[in-house]
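Engineer: Residues 0 to 286 (numbering that gives the first Met the number 0) are what the sequence shown spells out, left to right.
For each residue, glycine too, the CB sits at the ideal point set by N, CA and C.
No experiment lies behind these values; they were computed from the predicted model shown.
Below is one structure. I have some questions about it.
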Amino acid sequence: MKTLKQLTCLLGVGLSSIACTNAPISQPEYINGDWAKTELWDDGKAEVAIYDATRVIYGKPRTFDYVYVLVKESFNKAYQVKTDDYNRDDLYEVMKVNKFCRIPTQAYPYHFLTSVFFRRESPSTVHKLTNTSQEWCGNTAKSFTEGQFKYNYQYMSYWDGQGNGSMNVTKGPWFEDQLSYTLRTLKFADGLQFDIEMYPSEVNSKATEPIASTCSISVNRVPFEWPKQEVLEVKEAWKVDVKRSNGPNLSYWYSTDYPNYLLKMESTDGRSLSLKDLSRDAYWAHE
């Protein structure tokens, strides 16, 4: 017969193992957890979408190209990065969203690269998020990695009081930077409404603690006048409005057919996207 002490130790080991597995949480009823499980994402290519974009910097709207890349990858649990060894026994599949832009200003350009990773079966839960920014004032790097109840947030920036550090951030709220992907995976229905908590965008050079705000999300099927039918034939779109209790409101337009491409985005702070080119490409294999 095992003693109470032995049982306590076994229970402790079991709970520790559960905590370390970092199992994906269940998806909300309005999210299609199977969205990324189709054969489309197994073709060895990436979806490359290029947008005409606008962002206000130094009080002026700046126009630029914003490239969004979506691709399936195999991560290993040891490092939570794309594996080089596909014979490992700790592999799992993720969907990676890379967003890159170079924004010109009169003085100097801004560069941002944001990577958002999701377990393939968990499109509403960020598994890992990184953002880097580079401009003449300095460079900043931030990363959020998923734990059981928290994200481990590590940062390095050029701002006073934000030089180097780490903290835990509550897991549960969405990140604004996941919306372009997560909203594609909705179980679209005219009149769908729900509320979430959401952190602000990390696409900046600051390394402040993210504070979540309440957002009301509504979905409607709307006519869509699309000037670039040669890129994608579109007559209607799903319009998703995101209204914040604190911060800029956003509107997204998605194509009505799978895989529900992001066609357009507008924010009340002056940011915008408009799809101008779309392809599937093994871009890493060209040279």
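Exposed or buried, what is residue 34 when buried is set at 16 or more other beta-carbons lying within 10 Å of its beta-carbon?
Structural biologist: Position 35 of the sequence shown, counted from the start, is the residue given in the question as residue 34. The residue in question, residue 34, is buried, as its Cβ has 16 or more Cβ neighbours within 10 Å.
Engineer: Quick one: Cα of residue 175 to Cα of residue 200, how far?
Structural biologist: As a position in the sequence shown, residue 175 is number 176, starting the count at 1. As a position in the sequence shown, residue 200 is number 201, starting the count at 1. Near 5 Å, if we compare the C-alpha coordinates of residue 200 and residue 175.
Engineer: Is there contact between the segment 151-160 and the segment 217-225, where contact requires at least three CB pairs shorter than 8 Å?
Structural biologist: Too few Cβ pairs lie closer than 8 Å, so no.
Engineer: Buried or exposed: residue 166, going by 16 or more other Cβ atoms within 10 Å of its Cβ?
Structural biologist: Indexing the sequence shown from 1 puts residue 166 at position 167. Per the 10 Å Cβ criterion, exposed.
Engineer: If you count every other CB in all the chains shown that lies within 10 Å of the CB of residue 4, and 16 or more means buried, which is it?
Structural biologist: Indexing the sequence shown from 1 puts residue 4 at position 5. Residue confidence for residue 4 is low, a pLDDT of 42 falling below 50, so the modelled location carries little weight and cannot support an answer.
Engineer: Is the Cβ-Cβ distance between residue 230 and residue 261 less than 8 Å?
Structural biologist: Along the sequence shown, read from residue 1 onward, the residue named residue 230 stands at position 231. Along the sequence shown, read from residue 1 onward, the residue named residue 261 stands at position 262. Taking 8 Å as the Cβ cut-off, residue 230 and residue 261 do not qualify as a contacting pair.
Engineer: Assess contact between the segment 266-276 and the segment 40-50, defined as three or more Cβ pairs (one per stretch) separated by less than 8 Å. Is contact present?
Structural biologist: Yes, the segment 266-276 is in contact with the segment 40-50.
Engineer: On the DSSP letters alone, give me the boundaries of the alpha helix (DSSP H) that residue 274 sits inside.
Structural biologist: The residue you call residue 274 lines up with position 275 of the sequence shown. Unbroken run through residue 274 is the beta strand (DSSP E), 271-280; no alpha helix (DSSP H).
Engineer: Looking at residue 196 and residue 213, is the spacing between their C-beta atoms short of 8 Å?
Structural biologist: Here residue 213 refers to the residue found at position 214 of the sequence shown. Here residue 196 refers to the residue found at position 197 of the sequence shown. Yes, the pair counts as a contact, with Cβ atoms nearer than the cut-off.
Engineer: If you draw a straight line from the alpha carbon of residue 37 to that of residue 178, how long is it in whole angstroms?
Structural biologist: The residue given as residue 37 occupies position 38 in the sequence shown. The residue given as residue 178 occupies position 179 in the sequence shown. The alpha-carbon atoms of residue 37 and residue 178 are separated by roughly 20 Å.
Engineer: Hey, is the segment 126-142 in contact with the segment 103-114, meaning 3+ C-beta pairs nearer than 8 Å?
Structural biologist: They touch, by the three-pair rule.
Engineer: Leaving out the 5 sequence neighbours to the left and right, which residues in its chain are closer than 6 Å to residue 238 when beta-carbon positions are compared?
Structural biologist: What you label residue 238 is simply residue 239 of the sequence shown in a count that begins at 1. Taken in chain order, the residues that qualify are 219, 221 and 252.
Engineer: Can you give me the C-alpha to C-alpha distance between residue 121 and residue 26, rounded to a whole angstrom?
Structural biologist: Taking the sequence shown and counting its residues from 1, the one referred to as residue 121 is at position 122. Taking the sequence shown and counting its residues from 1, the one referred to as residue 26 is at position 27. Each residue's Cα considered, the two are about 7 Å apart.
Engineer: Shortest alpha-carbon distance to residue 28 belongs to which of 89, 140 and 188?
Structural biologist: Here residue 28 refers to the residue found at position 29 when the sequence shown is read from its first residue. Nearest of 89, 140 and 188 to residue 28, Cα basis: 188.
Engineer: Using the DSSP secondary-structure output, state which residues sit across from residue 137 in a beta bridge.
Structural biologist: By one-based count along the sequence shown, residue 137 stands at place 138. According to DSSP, residue 137 bridges with 134.
Engineer: Tell me, please, whether the segment 52-68 touches the segment 243-258 by the rule of three or more beta-carbon pairs shorter than 8 Å.
Structural biologist: With the cut-off at 8 Å, the segment 52-68 and the segment 243-258 do not touch.
Engineer: If you drop the 5 nearest sequence neighbours on each side, which residues of the same chain put their C-beta closer than 8 Å to that of residue 281?
Structural biologist: Counted from its first residue, the sequence shown places residue 281 at position 282. The residues are 43, 44 and 45.
Engineer: Which residues in the same chain have their Cβ closer than 7 Å to the Cβ of residue 0, if we skip the five residues on either side of it in sequence?
Structural biologist: Within the sequence shown, the letter at position 1 stands for residue 0. With a pLDDT of 41 at residue 0, under the threshold of 50, the modelled position of this residue cannot be trusted; read the value that follows with caution. Same-chain partners within the cutoff: there are none.
Engineer: Between the C-alpha atoms of residue 93 and residue 207, what's the straight-line distance to the nearest angstrom?
Structural biologist: For the purposes of this step, residue 93 is identified with residue 94 of the sequence shown, where counting begins at 1. For the purposes of this step, residue 207 is identified with residue 208 of the sequence shown, where counting begins at 1. Roughly 27 Å between the two C-alpha positions.
Engineer: Under a three-way DSSP split, which group does residue 157 fall into?
Structural biologist: To locate residue 157, count along the sequence shown from 1; it is residue 158. Of the three classes helix, strand and coil, the one that applies to residue 157 here is coil, per DSSP.
Engineer: Run the proximity test for residue 186: is its beta-carbon closer than 7 Å to any non-hydrogen atom belonging to the ligand ADP?
Structural biologist: This structure lacks the ligand ADP; in fact it carries no ligand of any kind.
Engineer: According to DSSP, is residue 65 part of a helix, a strand, or is it coil?
Structural biologist: On the sequence shown, position 66 is the one that residue 65 refers to. In this structure, residue 65 counts as strand in the three-state DSSP scheme.
Engineer: Opposite residue 109 in the DSSP bridges: which residues?
Structural biologist: Counting from 1 along the sequence shown, the entry for residue 109 is found at position 110. Partner(s): 102.
Engineer: Tell me the start and end of each unbroken beta strand (DSSP E) in the segment 171-248 that is at least 3 residues and wholly inside, in chain order.
Structural biologist: Entirely contained in the segment 171-248, the beta strand (DSSP E) runs reaching 3 residues are, in chain order, 192-198, 212-222 and 235-243.
Engineer: Among 73, 235, 250 and 115, whose alpha-carbon lies nearest the alpha-carbon of residue 268?
Structural biologist: The sequence position of residue 268 within the sequence shown is 269, counting from 1. Comparing Cα-Cα distances from residue 268 to each of 73, 235, 250 and 115, the minimum goes to 250.
Engineer: What residues are listed by DSSP as bridge partners for residue 119?
Structural biologist: Stepping through the sequence shown from its first residue, residue 119 is reached at position 120. Paired residues: none, contrary to the question.
Engineer: Whole angstroms is fine: what's the gap from residue 113's alpha carbon to residue 144's?
Structural biologist: What you label residue 113 is simply residue 114 of the sequence shown in a count that begins at 1. What you label residue 144 is simply residue 145 of the sequence shown in a count that begins at 1. Distance between the alpha carbons of residue 113 and residue 144: 14 Å.
Engineer: What is the rounded straight-line gap between the Cα of residue 234 and the Cα of residue 64?
Structural biologist: Along the sequence shown, one-based indexing puts residue 234 at 235. Along the sequence shown, one-based indexing puts residue 64 at 65. Approximately 24 Å between the Cα atoms of the pair.
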